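S.K.: Below is the structure I would like to discuss, written out as structure tokens.
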Amino acid sequence: MNQETGKLRMICIVCPLGCELEMETGREPKQIVNIKGSRCSKGKEYAAREAADPRRVLMAVVKVRDGNLPVVSVKTDEPIPKQMLLEAVRAISKIEMEAPVKAGDILIDNLLSTGARVVATNNVRKAD
Amino acid sequence: MAAASKARELGALNVVLLDEKEEPGGVLPQCIHPGFGLHYLKEDLTGPEFAIRLYERAGSLGVKAFNSTYAMELLAHKGRRAVRAITPGGITEFRSKTVIFATGARERNSFEIGIVGHRPAGVYTAGEAQTMMDLHGVMPGQGVVIIGSGDVGLIMARRLALQGADVKAVVEMLPYSGGLARNVQQCLFDFGIPLYLSYKATKILGKRRVKAVEIVKVGDRLEEKPGTEFEMKCDTVIVSAGLTPRVELLEKAGARIDPATRSAAVNELLETSIPRVFAAGNALTINDLVDYAAMQGEAAAKSAVGLTQSQRLSSDRWRPVVKGRNIGLVVPQYVSGRREVSFYGRVRQPEENVYLKVPEIEVEFRQLRVKPPEMLTFTITSKKFGKLKEGKITVTVEPRG
């Protein structure tokens with residue numbers, strides 16, 4: 183990304199097509215005037231959002247006691263600010279669950295006050 | 101799982117699903133990132149969630165799953181079709197009318213890409229690193245160099261960076277990434293991980309534990325440029341050199357192999373050269389998306405059920421699909437011209453502003469960009485095939501104008 187030239191370039195990550203987006207920025211900071219290169223409307227929405235407030239869905243693993251596996255995979259149920267990703271992983275790494283854990287279980291309700299929930303994405307049974 | 105469920109849906113009475121693991125789904129449970137199912141289930145799921153959906157669906161449709169069952173031989177002499185497998189109860193022969201191979205792929209390793217050196221601890225394939233981190237919660241190392249820029253390697257670069265490792269570089273021999281553009285953006289650029297294009301890892305240094313990787317710049321013909329060698333310190337090397345279909349059993353049973361896909365050549369029914377034996381998913385060709393793999397599974401199931409119910413072999417005359425300009429591979433390799441066919445292909449070289457053409461039947465699709473890591477998918481209707489006379493069809497990429 184190059185802010186100074188008034189043009190922003192990025193690769194769209196909404197779907198696997200990988201459109202190369204090019205945006206013109208307006209006079210106001212973070213104001214996007216023109217978006218080129220996207221093959222769908224979702225790409226345009228992504229570009230505008232990415233310029234103003236980049237967010238990502240985070241995935242990680244959480245420790246599980248007495249499970250058939252020692253960890254369970256998790257994700258945030260909504261994208262969280264990009265600059266908080268590392269801090270969020272550290273917070274997620276600290277907790278430990280007791281087996282069984284089921285996909286869809288909410289493990290953290292409000293992750294670092296982002297409003298996002300940390301949800302299990304796999305089943306871990308109680309160890310035999 | 102997609103093939104088994106579809107076969108039941110279409111009325112197959114007896115469908116058994118053999119899988120070597122405790123639960124089917126292959127690598128899905130360790131692919132904890134989203135991006136699965138957008139086309140096939142119209143939802144964006146993580147790998148484990150996608151696997152659970154398919155497993156539950158297969159169960160509710162009455163598919164009989166044999167887990168911890170390792171298929172060791174395909175028996176296909178004359179009319180007989182059977183799979184001999186090691187099950188928890190001993191060696192069992194599963195006799196059937198048809199067999200669908202959805203055996204997935206294996207990773208190419210450091211020896212296959214010509215890296216020399218000792219065999220210190222700390223060298224893993226991307227999938228091994230993924231198994232360690234995402235199924236067992238173990239960090240492979242702290243200072244990591246990733247060799248090859250396949251999608252799994254890119255995804256692991258992000259996972260390692262998120263977990264606090266220092267990912268020093270992704271080193272790619274070719275002048276472009278082997279993974280999808282979106283993964284280069286969200287897995288490398290998002291975390292400031294450098295991508296070394298046209299650089300090759302030649303040697304892993306270290307005796308007990310990895311100490312460094314020797315890297316050299318390469319030219320247009322991938323020749324090493326003398327004097328450009330340098331060492332990059334690290335304690336862990338992850339090799340992400342792509343996948344290759346697991347079709348040893350098909351090969352041993354005598355199926356014709358296409359060197360381009362490194363898998364069995366198939367007709368539009370996804371049937372191999374052994375009648376009533378089919379291939380789908382990454383066992384057929386390495387797919388970009390799990391969705392394509394599942395759709396191939398369903399297509400194979402439809403063909404298998406169709407042939408079983410009609411009790412006869414297909415009587416089609418198969419015409420070869422020839423690879424034209426800038427086409428590296430194309431599936432299926434044979435068509436009849438009588439049915440609608442979904443094609444999957446890959447180009448050899450990146451190009452812009454081109455047409456994907458099948459000149460024999462005057463079909464063309466405009467493509468803004470084509471790149472080897474991004475699969476070509478297109479469908480030709482039976483009506484379009486109406487123009488096909490005798491002989492082959494050619495899939496080719498031509499510049500515009």
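Chains as they are written, first to last, in our numbering: chain X, 183 to 310; chain A, 101 to 501.
Ideal Cβ positions, reconstructed from N, Cα and C, are used throughout, including at glycine.
The structure presented is a predicted model; accordingly, all values stated were derived computationally and were not measured.
Grouping DSSP H, G and I as helix and E and B as strand, with all else coil, what is Thr-302 (chain A)?
M.R.: Strand at Thr-302 (chain A).
S.K.: Which residues mark the beginning and the end of the beta strand (DSSP E) in which Phe-485 (chain A) is found?
M.R.: Run containing Phe-485 (chain A): none in the beta strand (DSSP E); it sits in the alpha helix (DSSP H), 482-485.
S.K.: Determine whether the Cβ of Ile-427 (chain A) lies closer than 7 Å to any Cβ atom of chain X.
M.R.: With 7 Å as the cut-off, Ile-427 (chain A) does not count as an interface residue toward chain X.
S.K.: Cβ of His-218 (chain A) less than 7 Å from any chain X Cβ?
M.R.: no
S.K.: Contact criterion: CB-CB distance below 7 Å. Does Glu-331 (chain A) meet it with respect to chain X?
M.R.: no
S.K.: Quick one: is Ile-293 (chain A) near chain X, going by C-beta distance under 7 Å?
M.R.: no
S.K.: Could you say which of A:Val-337, A:Asn-283, A:Ala-102, A:Ile-293 lies nearest to Val-216 (chain A) if we only look at CA atoms?
M.R.: A:Val-337
S.K.: Roughly how many angstroms separate the alpha carbons of Leu-145 (chain A) and Gly-327 (chain A), rounded to a whole number?
M.R.: 47 Å
S.K.: By DSSP's criteria, Thr-442 (chain A) is part of a beta bridge. Which residues make up the other side?
M.R.: Reading off the sequence shown, one finds Ser at residue 442 (chain A), where the question assumed Thr. According to DSSP, Ser-442 (chain A) bridges with A:Thr-479.
S.K.: Give a yes or no on whether 7 Å exceeds the smallest Cβ distance from Glu-228 (chain A) to chain X.
M.R.: no
S.K.: Listed from N- to C-terminal order along the chain, which residues in the stretch 139-162 of chain A have their beta-carbon within a distance smaller than 7 Å of any beta-carbon of chain X?
M.R.: Here the close residues are Thr-146, Pro-148, Glu-149, Ile-152.
S.K.: In chain A, which residues lie less than 7 Å from Thr-303 (chain X) when you measure between Cβ atoms?
M.R.: Residues of chain A passing the Cβ test: Ile-132, Thr-146, Pro-148, Glu-149.
S.K.: If you run the structure through DSSP and keep just helix, strand and coil, what is Pro-499 (chain A)?
M.R.: strand
S.K.: How about Ala-309 (chain X) and Val-256 (chain X): are their beta carbons less than 7 Å apart?
M.R.: The criterion of a C-beta distance shorter than 7 Å is not satisfied by Ala-309 (chain X) and Val-256 (chain X).
S.K.: Suppose contacts are defined by Cβ-Cβ distances below 7 Å. Is His-133 (chain A) in contact with Ile-255 (chain A) by that definition?
M.R.: yes
S.K.: Any contact of the stretch 306-320 of chain A with the stretch 218-225 of chain A, i.e. 3+ C-beta pairs under 8 Å?
M.R.: yes
S.K.: Just mark Ala-107 (chain A) as buried or exposed, buried being the case when its beta carbon has 16 or more other beta carbons within 10 Å.
M.R.: buried
S.K.: Starting from Val-313 (chain A), follow the beta strand (DSSP E) in both directions and report where the run begins and ends.
M.R.: 312-317
S.K.: Using a Cβ-Cβ distance cut-off of 7 Å, determine whether Ala-205 (chain A) contacts chain X.
M.R.: no
S.K.: Which residues of chain A have a Cβ atom closer than 7 Å to the Cβ of Met-192 (chain X), listed in chain order?
M.R.: Gln-285
S.K.: At what residues does the alpha helix (DSSP H) containing Ser-410 (chain A) begin and finish?
M.R.: 390-410
S.K.: Between Leu-280 (chain A) and chain X, is the shortest Cβ-Cβ distance under 7 Å, so that the two count as touching?
M.R.: yes
S.K.: Leaving aside the five residues before and after Asp-358 (chain A) along the sequence, list all residues of the same chain whose C-beta is less than 6 Å from its C-beta, in chain order.
M.R.: Ala-365, Gln-433
S.K.: Taking only the alpha-carbon atoms, compute the straight-line gap between Ser-160 (chain A) and Val-115 (chain A) and give it to the nearest angstrom.
M.R.: 13 Å
S.K.: For Pro-282 (chain X), which of X:Asp-291, X:Val-253, X:Ser-295 has the nearest alpha-carbon?
M.R.: X:Val-253
S.K.: With 16 as the cutoff for other CB atoms within 10 Å, does Phe-330 (chain A) come out buried or exposed?
M.R.: Exposed is the label assigned to Phe-330 (chain A), since fewer than 16 other Cβ atoms lie within 10 Å of its Cβ.
S.K.: May I have a chain-ordered list of the alpha helix (DSSP H) segments no shorter than 4 residues that lie completely inside the stretch 333-372 of chain A?
M.R.: 348-352
S.K.: Do we get a CB-CB distance below 7 Å when we pair Ser-255 (chain X) with the residues of chain A?
M.R.: yes
S.K.: For Ser-298 (chain A), which residues of its own chain have a beta-carbon under 6 Å away from its beta-carbon, when the five flanking residues on both sides are left out?
M.R.: Pro-275, Val-318
S.K.: Look at the alpha carbon of Ala-158 (chain A) and the alpha carbon of Ala-360 (chain A), and state the distance between them as a whole number of angstroms.
M.R.: 32 Å
S.K.: Would you mind giving the Cβ-Cβ distance between Val-244 (chain A) and Leu-260 (chain A), rounded to the nearest angstrom? I have them listed as a contact below 8 Å.
M.R.: 5 Å
S.K.: Would you kindly report the start and end of the unbroken alpha helix (DSSP H) that includes Ser-223 (chain X)?
M.R.: Segment 223-234, the alpha helix (DSSP H) holding Ser-223 (chain X).
S.K.: Give the residues from the stretch 260-276 of chain A that approach chain X closer than 9 Å (Cβ to any Cβ), ordered along the chain.
M.R.: Ala-261, Leu-262, Gln-263, Gly-264
S.K.: Which chain A residues sit within Cβ distance under 8 Å of Lys-264 (chain X)?
M.R.: Asp-290
S.K.: Ignore the nearest five residues each way along the sequence and tell me which others in Ala-400 (chain A)'s own chain have a CB closer than 6 Å to its CB.
M.R.: Ala-103, Ile-200, Leu-370, Phe-378, Ala-380
S.K.: Residues of chain X with CB under 7 Å from Gly-237 (chain A), in chain order?
M.R.: Val-243, Lys-245, Pro-252, Val-253
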